[in-house]
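In what follows, a structure is listed as structure tokens, so that the remarks can point back to it.
Residue numbers (our numbering): 939 to 1114.
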């Protein structure tokens, strides 16, 4: 299990979520849902409406996110919004004026997760399945890193792994 865990480190992710007064994108025609920004620190942005308010999510992962480590949260937010404004073809100041509130999360500093979702290191093929195996029928593992069905790195992968582990525990109940 230790080898498998070492082969499945947690990735770096910085996420900035902002509520806007109004959309800064064309709302006529097709909805804008996901916007890639190759080459920027925040390489992915997505947008949705929540209670009739537009929500802008700026996401930075992997080596790009590692470049943000150690920066003050205000600086990370500034960089995220500048990248989003550029991707949307807007002035960063115009975007900031439309923001009602912003939440920033650094997954590496989260004391409960210590990182975002797992990834398989080179040479780590099979590690998800190895990590998911119970130990002596008394120690069971769940979480997205143990999802060996293509859903690793997702909430539904974590949920599926939890159901799998619960089934294993229930099956071992008569032996405990």
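Every residue gets a Cβ at the ideal spot worked out from N, C-alpha and C, and that includes glycine.
| said: Let's test the definition: count the other Cβ atoms within 10 Å of the Cβ of residue 1071 and tell me whether it reaches 16, buried, or not, exposed. | reply: Sequence index remark: in the chain shown, residue 1071 carries index 133 (1-based). A residue is called buried once 16 or more other Cβ atoms fall within 10 Å of its Cβ, and residue 1071, having fewer, is exposed.
| request: Have a look at the DSSP bridge pairing and note the partners of residue 992. | output: Here the question's residue 992 lines up with position 54 in the chain shown. Looking at the DSSP assignment, residue 992 forms a beta bridge with 987.
| query | Considering residue 1105, what are the terminal residues of the beta strand (DSSP E) in which it resides? | reply | Position 167 of the chain shown holds residue 1105. Boundaries around residue 1105 are those of the alpha helix (DSSP H), 1093 to 1110, since no beta strand (DSSP E) includes it.
| task | Please go through the region 997 to 1037 and give each complete alpha helix (DSSP H) segment of 4 or more residues, from N-terminal end onward. | result | Those alpha helix (DSSP H) runs which fall completely within the region 997 to 1037 and span 4+ residues are 1000 to 1004, 1011 to 1026 and 1030 to 1035.
| query | Three-state secondary structure (DSSP) at residue 950? | reply | For this step, residue 950 is matched to residue 12 along the chain shown. Three-state DSSP puts residue 950 in coil, outside helix and strand.
| Any heavy atom of the ligand HEM closer than 7 Å to the Cβ of residue 1032? | Looking for the ligand HEM in the displayed structure turns up nothing, as the structure carries no ligands at all.
| In DSSP terms, what residue 974 is bridged to | As a first step, residue 974 is located in the chain shown; it is residue number 36 there, counting from the start. Paired residues: 982.
| field | Simplified DSSP assignment, three categories, for residue 1040 | value | Here residue 1040 corresponds to residue number 102 of the chain shown, with the count starting at 1. If DSSP states are grouped into helix, strand and coil, residue 1040 belongs with the strands.
| Taking residue 994 as the reference, which of 1054, 1109, 1092 and 1023 has the closest Cα? | Locating residue 994 in the chain shown gives position 56, where the first residue counts as 1. When C-alpha distances from residue 994 are compared across 1054, 1109, 1092 and 1023, the shortest belongs to 1023.
| said: Bridge partners for residue 955 per DSSP, in chain order? | reply: Reading the chain shown from its first residue, position 17 is the one you call residue 955. DSSP lists 995 and 1041 as partners of residue 955.
| Limits of the alpha helix (DSSP H) - the one that residue 1067 falls within | For the purposes of this step, residue 1067 is taken as the residue at position 129 of the chain shown. Taken as a continuous stretch (DSSP letters only), the alpha helix (DSSP H) holding residue 1067 covers 1065 to 1070.
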